[in-house]
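Here is the structure we will look at.
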Ligand code: PAZ
C-alpha cells in the first residue's frame with residue numbers, strides 16, 4: 008500500500024480531494040466524546056502562564072500501528088498496512104519520561120506503552136488458576152505484569168496519557184484532524200510524531216460493496232483511489248505552529264533517503280525519520296533541512312531500544328524550535 012510514484016508525491020493536495028474524503032467517510036462514532044476528552048486533556052496539561060521553555064506545556068501526538076482499508080461496508084475483508092505499533096508504544100514511554108503529555112492514537116490490538124516486555128499472549132502465559140475462585144500471576148512474570156499495569160494506569164489516571172484507538176483509514180484521519188484542531192492552541196509546544204503506517208489507497212465509501220464480496224463470479228478487480236495527502240493539511244492548516252515529524256519506511260535502501268528528503272520538502276516537515284523494514288529496530292536516520300543524523304540502538308545494553316536515543320534527539324531539536332517563539 009505504500010507504492011506511490013514520484014510524480015504523484017510531488018503533486019499538491021487539492022483541498023476539494025480532502026473535503027470529499029471527509030464528506031464521504033462514514034460518520035466517526037464517539038466524535039463528541041473524543042472532542043470532550045481532548046479538550047479536558049489539553050486544559051489539564053497546558054496553562055497559559057506556563058513558560059514555553061519548561062516541559063510543563065509540552066504535548067506530543069504519537070500515531071501508531073497500521074490503518075486498514077475496508078473492502079465492504081459490513082466489513083469482512085480489508086487491506087492492511089504493516090506496523091506492529093512497537094515504535095509508537097515505546098516512544099510514548101520515552102516522551103512521558105521526558106515530561107511530555109501524550110495523545111496516543113493507536114491501531115486497536117497493536118502494541119501498548121509499558122507492555123513490550125510481556126509475552127505474546129499475556130493472559131494465557133502469565134496467569135494460572137490457583138483454585139476455583141482465584142487467578143494468580145506466575146512468579147516468572149510477576150514484576151513485568153505489575154509494572155505494565157501500574158505504569159500504564161498511572162499515566163492514564165494522572166491525565167498525561169490519552170489513548171485513542173482507530174482501525175480504518177477513515178477513523179484514523181478523522182481522529183487525527185480532531186486532535187490537531189484541539190492542539191492548535193498549544194502552538195510550538197506540540198509535536199506530531201507520525202509513526203503510524205497509513206494507507207495510500209482506499210475504496211471510497213460510496214463505491215464500496217455493502218455486503219461480503221462473493222467469490223462465485225471469479226477473480227476480483229478492485230479499483231483503489233489515492234488517499235489525499237493529509238500531511239500538508241496537518242502542517243499548513245490544522246496545526247501550523249506545531250513541530251511536525253513524519254516517518255518514511257522503505258524496503259529498498261537505495262531510495263530511502265531520496266524519499267525522506269522528498270517528504271521533508273513537499274510537506275515542509277521539520278523532521279523526517281527514515282527507516283528500512285528489516286533494520287528498523289536497530290537504526291533510523293533523522294533527516295532535517297540542516298542535518299542527517301544516524302541514530303542507533305545501544306547494542307551494548309540489554310533491552311536497549313532505538314526509540315530511547317531517538318526521542319532524546321527529538322526533544323533536543325524541539326527545545327531549539329520552541330526557543331524561537333519564547334522571546
Ligand atoms: O510499528 P513498528 O514498530 O512495527 O514499525 C514502525 C514503522 C516502520 C511502521 C514506522 O517507523 C514507520 O516508518 N512508519 C511510517 C510508515 C510509512 O512510510 O508509511
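Numbering (this note's numbering), first residue to last: 8 to 334. Positions of the beta carbon are idealized from the N, C-alpha and C atoms, including for glycine.
- Where residue 63 is concerned, there is no enclosing beta strand (DSSP E), because DSSP gives it neither an H nor an E.
- In the structure shown, the three-state DSSP call for residue 134 is strand.
- Residue state for residue 304 is assigned as coil, using DSSP reduced to three classes.
- Residue selection by CB proximity (closer than 6 Å to any heavy atom of the ligand PAZ) returns 9, 90, 91, 92, 93, 94, 202, 204, 205, 254, 255, 256, 282 and 287 in chain order.
- Here residue 176 is not near residue 35, since their CB atoms are 8 Å or more apart.
- Residue 289 sits away from residue 260, with the two beta carbons spaced by 8 Å or more.
- Shown here, residue 49 sits in a helix according to DSSP, grouped into three states.
- Per the coordinates, the alpha-carbon of residue 205 lies some 18 Å from the alpha-carbon of residue 84.
- Residue 100: member of the alpha helix (DSSP H) spanning 93 to 104, first to last residue.
- Just so you know, the alpha carbons of residue 165 and residue 135 end up roughly 31 Å apart.
- Residue 328: not part of any beta strand (DSSP E); member of the alpha helix (DSSP H) spanning 314 to 330, first to last residue.
- With respect to residue 242, residue 275 sits close: the two C-beta atoms are nearer than 8 Å.
- Looking from the CA of residue 213, the closest CA among 313, 31, 119 and 302 belongs to 31.
- Of the other Cβ atoms in all chains shown, 16 or more fall within 10 Å of the Cβ of residue 196; this residue is therefore buried.
- When DSSP states are grouped into helix, strand and coil, residue 174 belongs to the coil group.
- DSSP places residue 194 in the helix class (H, G or I) of the three-state scheme.
- With contact defined as three or more Cβ pairs closer than 8 Å, the segment 102 to 120 and the segment 228 to 241 are not in contact.
- Note: residue 250 is bridge-paired with 198 in the DSSP secondary-structure output.
- Comparing alpha-carbon positions, the option among 163, 151, 218 and 331 lying closest to residue 99 turns out to be 163.
- A direct Cα-to-Cα measurement between residue 294 and residue 269 gives close to 11 Å.
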